[in-house]
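>
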Amino acid sequence: MPTVLEQLSSSLADRYRLEREIGAGGMATVYLAHDLKHDRPVALKVLHPELSAVLGADRFLTEIKTTAALQHPHILPLFDSGSAHGLLFYVMPLIDGETLRQRLEREKQLPVGDAVRISKEVASALDYAHRRGVIHRDIKPENILLHDGSALVADFGIALAVQSAGGARITQTGLSLGTPQYMSPEQAMGERDITARSDVYSLGAVAYEMLVGQAPFTGPTAQSIVAKVMTEDPAPITRTRKTVPLGVESAIITALQKLPADRFGTTAEFAAALEMDSGARPATAASSIGRQPAGKRARPLLAVGAIALLAIGMAAGKTLIRESANGIAMFKPRTFRDQAIFMARAAPDGQTIVFSAANEGTRTELYLVRPDYPEARPLGLKQAHLLSISSKGELAVIVRANYLGFRLFTGTLARVPLGGGAPREMMDGIREADWSPDGSQLVAIHDVDGEDRLEYPIGNVVHKTTGYLSDPRMSPDGSKIAFLAHPWRYDDRGIAIVVDLKGKALVKTREFAALQGMAWLPGGNEIAFSGDVEGQGLVVHVVNMKGDVRMPVSAPGDIVVHDITADGRWIISSDQRSVSVLARGPGDKVAREQGWLDYSFRPFISRDGKLLTFGDASSGSTNLYSTILRQTAGGEATQLGDGYPVGFSPDGQWIASVIPTTPAKLVLYPTGVGTERAVPTGSLDQVTSVDWFRDGKTMLVCGNAKGKAAYCGTIPVAGGEPKPVTAGGTSDGRISPDGRAVMVSNGPLKYTVYELGSSAPPVPVPLDSGERVVGWSNTGRGVVVRMPLSITAVRLDLATGKRQVIMDDPVVDLTAVNAISNLNLADDPHVYAYVARRQKSRLYTVEGVK
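Quick note on this note's numbering: the sequence shown kicks off at 235 and runs consecutively.
(1) May I ask which residues mark the beginning and end of the alpha helix (DSSP H) holding proline 419?
(2) Should phenylalanine 570 be labelled buried (16 or more other beta-carbon atoms within 10 Å of its own) or exposed?
(3) Would the segment 926 to 942 count as touching the segment 861 to 878 if we require 3 or more Cβ pairs under 8 Å?
(4) So, helix, strand or coil for proline 971, using DSSP?
(5) Unbroken beta strand (DSSP E) runs of length 3 or more, entirely within the segment 298 to 383: which are they?
(6) Let me confirm a value: isoleucine 256 is counted as buried when at least 16 other C-beta atoms fall within 10 Å, else exposed. Which label applies?
(7) In or out: leucine 718 buried (at least 16 other Cβ within 10 Å) or exposed?
(8) Is glycine 819 near valine 1065, with beta carbons less than 9 Å apart?
(9) Roughly how many angstroms separate the alpha carbons of arginine 473 and aspartate 361, rounded to a whole number?
(10) Excluding the 5 residues flanking valine 200 on each side, which residues of the same chain have their C-beta closer than 8 Å to its C-beta?
(11) Please list, in chain order, all residues of the same chain as isoleucine 731 whose beta carbon is under 8 Å from its beta carbon, the five residues on each side excluded.
(12) Short check: CB of isoleucine 369 to CB of aspartate 433, under 9 Å?
(13) Indicate the three-state DSSP secondary structure (helix, strand or coil) for serine 704 in the structure shown.
(14) To the nearest angstrom, how far is the alpha carbon of glycine 367 from that of arginine 426?
(15) What are the boundary residues of the beta strand (DSSP E) that tyrosine 442 is part of?
(16) When burial is assigned at 16 or more other CB atoms within 10 Å of the CB, is histidine 381 buried or exposed?
(17) Could you tell me the alpha carbon to alpha carbon distance between lysine 942 and valine 892, rounded to whole angstroms?
(18) For the beta strand (DSSP E) that contains alanine 817, what are its first and last residues?
(19) With DSSP run on the structure shown, which of helix, strand or coil describes leucine 289?
(20) Between the Cα of arginine 841 and those of Glu685, Leu615, Ala385, Ser1011, spot the shortest distance and give me the residue it belongs to.
(21) What are the uninterrupted segments assigned as beta strand (DSSP E) that are 3 or more residues long and contained completely in the segment 596 to 644, given in chain order?
(22) Apart from the five residues on each side of it in sequence, which residues of its chain come closer than 7 Å, Cβ to Cβ, to glycine 973?
(23) Can you tell which of Leu508, Val901, Asp683 has the C-alpha that lies nearest to the C-alpha of asparagine 938?
(24) Label proline 275 either buried or exposed according to how many other C-beta atoms from any shown protein chain fall within 10 Å of its C-beta, with 16 as the threshold for buried.
(25) Taking the CB atoms as reference points, tell me whether glycine 627 and asparagine 636 lie closer together than 9 Å.
(26) Buried or exposed: which applies to glycine 1014, given that a residue is buried once 16 or more other Cβ atoms fall within 10 Å of its Cβ?
(27) What residue range is occupied by the uninterrupted beta strand (DSSP E) comprising glutamine 1038?
(28) Give the single residue among Val921, Thr909, Thr866, Gly758 whose Cα lies nearest to the Cα of valine 880.
(29) Going by beta carbon distance, what residues of the same chain come within less than 7 Å of arginine 568, once the five residues before and after it are set aside?
(30) Span of the alpha helix (DSSP H) holding serine 993?
(31) I believe proline 956 touches valine 935 by the beta-carbon criterion, under 8 Å. Please report the beta-carbon distance rounded to the nearest angstrom.
(32) I'd like to confirm the pairing. Which residues does DSSP put opposite phenylalanine 835 in its beta bridges?
(33) For proline 756, collect the residues of the same chain with a Cβ closer than 6 Å to its Cβ; drop the 5 residues on either side in sequence, then sort them by chain order.
(34) Does the distance from the CB of valine 1051 to the CB of arginine 1072 come in under 9 Å?
(35) Using the Cα positions of glutamate 509 and glycine 290, report the straight-line distance between them to the nearest angstrom.
(36) Which residue's Cα is closest to the Cα of leucine 647: Gly653, Arg641, Ser622, Gly639?
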């Protein structure tokens, strides 16, 4: 009688060449095979005959269609499936790496950072599947593959089929639907209705083993293990390994609770708890919590100086009290749901807090929190962004607010009473503002012709820059103004500055890799702001008027200072942020995450869609910014050099990148064989964008000379002094396909078109409210536009004003996405790349900061 291998080899001879068995488990046997059509090695998994018989070919092939649709960076994709000689099979990529089980056998225990990262990646995959109705049911180290440092969850191939078949029929075969060490109590008891909380338990068991070196419950037989699962509690992780953060232990123990209702409701909640909690260390009598490395803007794990925050309480929403050498600090949560919080300010009573936040996307509204009613209450101002609250109880807000990035909005400045009433609109072009101490005037950031001006009162310029300014704050006595200055638009690197009312600099800090948030401490002799030093994430810094720096407050996540009351109560937010580059290449059905490490941004795709380049500012990168190249079809990422990309040459053979030094450097990196070339840009101090004419011989470069307004001009590829083709105050230049016109930005969400060689005035692009410009369309005089939280590309005919959808793909996984940016299309509009930004925030007040 022929063997299973022989039967399959015969039946599948026209599609696969089976070579040998490479593994076996409780449900299937895995064979190394060669995909003849695509000339690639694959893993062909064959269900055991008895399981195949119970499931049936029709049921299996029907249900596995849903599984095949699971497209996620941490889910092993499904290539093929079918039936041969009554045997059911499915085909997956052959991964060059190892299973988590193999790594555990080699190392026994993993570093805490690796265990948390792997757990979060698996949690992300499971959450994606759960939201599509698929429960894995067999999460274990053997089903987690490690490839290039990332986790891939395998064996989603039969989850739906098993679920649809029903437990009773499967039980008749004598097969187990899980592994005892990792089965939830309800799964071990054979309950029919298994929910996502069962996978939460299994992932908790895997996380426990990665840290301790063995599963929570072990025994000589399956029955003895199940008995412990049902009756015993897992031993504390820190009993075996004291270096594990208390919060990480708490999150895992929560995941391992006996009752499903006592666990996290979703794996996303489990991942968030691990993320929030992974910075708190077990406290000892004579120790403080030490600094750990983290990625740029990547939710650092820190605690320094006077206050060490126990993150377990932050995740649980509890008030925390912590003794330190300088006193006692108390962290009190003020919000209890995940939102993207952009600004929070204290009302004159020092107790009430008003904040602007978005529950999804970036359409913000204002909320109010009072001490006598803890739940945040909407104020009824939608699409509004808070700027400041005066001593008289009047709000300065932006109405019809459109998100620009980071914590920046554009719209119309308005004032509205805290007690309610309609906003009274004042003027456009104001991006940020703060009331003077008496509530009579505003210090403001005014965007004028591509230049940011610090004005006090509005109209009187105190300071200006061709970069951008943020977070202006008047001192309590009204004699000084503090703000953040960022030399590049829109890059949040920069310095904190304090000036007098005539603009004389009193204090300037060192440059930080990222800067957000600002507040004066009571007394007016110190400022607090959130800065990133060497990729450690946003940490609170305090600077006095002598320039002395200290770091009094830290906690898990990026910590942003919003306000400090007169009696010393701090208002901060703990933010979790992530940035993903996604791309859909030729032949792809959906976009896939194709970034590099933990902070990839600004993607460009070649005209044929085969190459993808993007910038990276990750903690694992050796440079502040790196230019990365990879093929959209897959393969390793290549780090080309310093800087971030600004576009491909028309033939795809070169990538233009900007190294943001002073003055900036423009370089060309070859995408194939060759050496990099410097492109001199004359007197330009900054280069903000580059585009190529179709002949590949001339470039459009936008930037500014030192102290001058930005403009766009042409240079040969060899370099030279730019020949201006636009007025000052313009940037982000795009050349029309026929090379006869240039479209530029002349303000936030404003674009105009210049006809080259013509003296006619530029023509505004007729954008609807909120529309973003993607670029020129490939045919005729059309511009491609999109809406804020969408990648649906619409062609806007400049002559007729008619709009036509040319690509309507959905965003891949909108969970917690608060911004979509940098949509870049190939010649085929269904081939593209974009950035998805996510932010989740919680608001806290902190008392006792010294």
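Backbone N, C-alpha and C define an ideal beta-carbon position, used for all residues, glycine too.
Once the coordinates are examined:
(1) Counting from 1 along the sequence shown, the entry for residue 419 is found at position 185. Where proline 419 is concerned, the enclosing alpha helix (DSSP H) stretches over 419 to 422.
(2) Translated into the one-based positions of the sequence shown, residue 570 becomes position 336. Exposed is the call here.
(3) no
(4) Counting from 1 along the sequence shown, the entry for residue 971 is found at position 737. Here proline 971 sits in coil by DSSP.
(5) Qualifying beta strand (DSSP E) stretches, in chain order: 314 to 318, 321 to 327, 378 to 381.
(6) By 1-based counting over the sequence shown, the position of residue 256 is 22. Isoleucine 256 comes out exposed.
(7) Indexing the sequence shown from 1 puts residue 718 at position 484. When all chains shown are included, leucine 718 counts as buried.
(8) Taking the sequence shown and counting its residues from 1, the one referred to as residue 819 is at position 585. Taking the sequence shown and counting its residues from 1, the one referred to as residue 1065 is at position 831. Yes, the pair counts as a contact, with Cβ atoms nearer than the cut-off.
(9) Translated into the one-based positions of the sequence shown, residue 473 becomes position 239. Translated into the one-based positions of the sequence shown, residue 361 becomes position 127. If you take the alpha carbons of arginine 473 and aspartate 361, they lie about 30 Å apart.
(10) Outside the shown range of the chain (235 to 1084) lies residue 200, about which nothing can therefore be said.
(11) Taking the first residue of the sequence shown as position 1, residue 731 is located at position 497. His697, Ala716, Phe717, Leu718, Ala719, Ala739, Val741, Lys742, Thr743, listed in sequence order.
(12) Along the sequence shown, read from residue 1 onward, the residue named residue 369 stands at position 135. Along the sequence shown, read from residue 1 onward, the residue named residue 433 stands at position 199. Yes, Cβ-Cβ distance for isoleucine 369 and aspartate 433 is below 9 Å.
(13) Mapped onto the sequence shown, residue 704 falls at position 470. In this structure, DSSP gives serine 704 an extended state, which the three-state scheme calls strand.
(14) Indexing the sequence shown from 1 puts residue 367 at position 133. Indexing the sequence shown from 1 puts residue 426 at position 192. About 15 Å.
(15) Sequence index remark: in the sequence shown, residue 442 carries index 208 (1-based). Element bounds for tyrosine 442: not the beta strand (DSSP E) but the alpha helix (DSSP H), 430 to 446.
(16) Along the sequence shown, read from residue 1 onward, the residue named residue 381 stands at position 147. Exposed, because fewer than 16 other Cβ atoms sit within 10 Å of the Cβ of histidine 381.
(17) As a first step, residue 942 is located in the sequence shown; it is residue number 708 there, counting from the start. As a first step, residue 892 is located in the sequence shown; it is residue number 658 there, counting from the start. For lysine 942 and valine 892, the distance between alpha carbons rounds to 19 Å.
(18) Here residue 817 is taken as the residue at index 583 of the sequence shown, counted from 1. Its beta strand (DSSP E) spans residues 804 to 818.
(19) The count along the sequence shown starts at 1 and reaches residue 289 at position 55. Helix at leucine 289.
(20) Here residue 841 corresponds to residue number 607 of the sequence shown, with the count starting at 1. It is Ser1011 whose Cα lies nearest to the Cα of arginine 841.
(21) 599 to 604, 607 to 616, 618 to 623, 628 to 639
(22) For the purposes of this step, residue 973 is taken as the residue at position 739 of the sequence shown. Counting only Cβ-Cβ distances below 7 Å, and skipping sequence neighbours, we find Phe927, Arg928.
(23) Taking the sequence shown and counting its residues from 1, the one referred to as residue 938 is at position 704. Closest in alpha carbon position to asparagine 938, among Leu508, Val901, Asp683, is Asp683.
(24) Residue mapping note: residue 275 aligns to position 41 of the sequence shown, counting from 1. With fewer than 16 Cβ atoms within 10 Å of its Cβ, proline 275 is classed as exposed.
(25) To locate residue 627, count along the sequence shown from 1; it is residue 393. To locate residue 636, count along the sequence shown from 1; it is residue 402. No.
(26) Start at 1 with the first residue of the sequence shown, and residue 1014 comes out as number 780. For glycine 1014, the number of other beta carbons within 10 angstroms of its own is below 16, and it is reported as exposed.
(27) Your numbering for residue 1038 matches position 804 in the sequence shown. Looking at the DSSP string, the run of the beta strand (DSSP E) that includes glutamine 1038 is 1037 to 1041.
(28) Looking up residue 880 in the sequence shown gives position 646. Nearest of Val921, Thr909, Thr866, Gly758 to valine 880, Cα basis: Val921.
(29) Mapped onto the sequence shown, residue 568 falls at position 334. These residues qualify, in order along the chain: Ile587, Val603, Leu1077, Tyr1078, Thr1079.
(30) The residue you call residue 993 lines up with position 759 of the sequence shown. Here serine 993 belongs to no alpha helix (DSSP H), and DSSP marks it neither H nor E.
(31) Residue numbering aside, residue 956 sits at position 722 when the sequence shown is read from its first letter. Residue numbering aside, residue 935 sits at position 701 when the sequence shown is read from its first letter. Yes, proline 956 and valine 935 are in contact; Cβ-Cβ is about 5 Å, under 8 Å.
(32) For the purposes of this step, residue 835 is identified with residue 601 of the sequence shown, where counting begins at 1. As a beta-bridge residue in DSSP terms, phenylalanine 835 pairs with Gly849.
(33) By one-based count along the sequence shown, residue 756 stands at place 522. Cβ within range, chain order: Ala800, Gly802.
(34) In the sequence shown, residue 1051 corresponds to position 817, counting from 1. In the sequence shown, residue 1072 corresponds to position 838, counting from 1. Going by C-beta atoms, valine 1051 is nearer than 9 Å to arginine 1072.
(35) One-based indexing of the sequence shown puts residue 509 at position 275. One-based indexing of the sequence shown puts residue 290 at position 56. When rounded, the distance between both Cα atoms is 42 Å.
(36) Position 413 of the sequence shown holds residue 647. The shortest CA-to-CA distance from leucine 647 to any of Gly653, Arg641, Ser622, Gly639 is the one to Ser622.
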